[in-house]
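Asker: My structure is below; once you've seen it, I'll send some questions.
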């Protein structure tokens with residue numbers, strides 16, 4: 004596959020700390036004066052839509068590999084941090100984020116085809132409800148222990 008814009012090198016993302024892992028993603032960048040990383044730091048758009056779409060797809064593939072390598076962090080908000088930092092009003096960068104999200108949609112469909120979606124979300128609702136009840140009980144017992152101390 005030939006594109007005018009080169010892709011970031013492909014890699015695995017398993018390291019010791021979450022901060023190290025996230026900053027290895029090609030679109031995550033530590034910025035001076037900012038206390039947290041910028042999650043949509045992209046090269047200048049190429050002005051050639053197919054090239055920009057391809058670069059966005061490639062970045063989505065990096066995100067997916069990151070998720071596979073860091074399963075414990077899945078569901079902890081990485082995609083929301085990416086979306087927060089995208090300037091959706093930037094018409095020049097549109098091809099990159101469109102390629103990124105379109106590829107994620109394709110991959111979501113591939114995953115959704117393998118599960119009964121509503122059954123799965125019901126199990127997630129039950130899991131989070133049980134966790135909430137556990138935290139509530141633990142807090143209650145901590146208060147009782149503090150009172151008895």
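Numbering (the working numbering), first residue to last: 4 to 152. Cβ coordinates follow ideal geometry from the N, Cα and C atoms, glycine included.
Could you compute how far the alpha carbon of residue 4 sits from the alpha carbon of residue 98?
Answerer: With a pLDDT of 47 at residue 4, under the threshold of 50, the modelled position of that residue is not reliable, and no figure is offered here.
Asker: Can you look up residue 138 in the DSSP assignment and give me helix, strand or coil?
Answerer: In this structure, residue 138 counts as helix in the three-state DSSP scheme.
Asker: To which residues of the same chain is residue 56 closer than 7 Å at the C-beta, ignoring the five residues directly before and after it?
Answerer: Result list for residue 56: 98, 101, 102, in chain order.
Asker: Are the region 118 to 131 and the region 81 to 96 touching by the rule of at least three beta carbon pairs closer than 8 Å?
Answerer: At 8 Å Cβ cutoff, the stretches do not touch.
Asker: Quick check for students: name the residue ranges of the alpha helix (DSSP H) that lie wholly in the region 48 to 126, counting only runs of 4 or more.
Answerer: Whole alpha helix (DSSP H) segments, 4+ residues: 52 to 72, 81 to 88, 97 to 115.
Asker: Alpha carbon to alpha carbon, what distance is there between residue 132 and residue 93?
Answerer: Rounded to the nearest angstrom, the two C-alpha atoms are 40 Å apart.
Asker: Beta carbon of residue 35, beta carbon of residue 62: below 7 Å?
Answerer: Contact flag unset, no.
Asker: From the DSSP output, which residues share a beta bridge with residue 128?
Answerer: DSSP output for residue 128 lists no bridge partner at all.
Asker: Tell me which residues share the same chain as residue 95 and place their Cβ nearer than 7 Å to its Cβ, disregarding the 5 neighbours each side in the sequence.
Answerer: Only 48 meet the Cβ criterion.
Asker: Here's the rule: buried if 16 or more other CB atoms are within 10 angstroms of the residue's CB, otherwise exposed. What is residue 111?
Answerer: By the 10 Å Cβ count, residue 111 comes out exposed.
Asker: Do residue 70 and residue 77 have their CB atoms nearer than 7 Å?
Answerer: Against a cut-off of 7 Å, the Cβ pair of residue 77 and residue 70 comes out as a contact.
Asker: Residues in the same chain with beta-carbon distance under 8 Å from residue 41, minus the five sequence neighbours each way, listed in chain order, please.
Answerer: These residues qualify, in order along the chain: 31, 32, 33, 34, 88.
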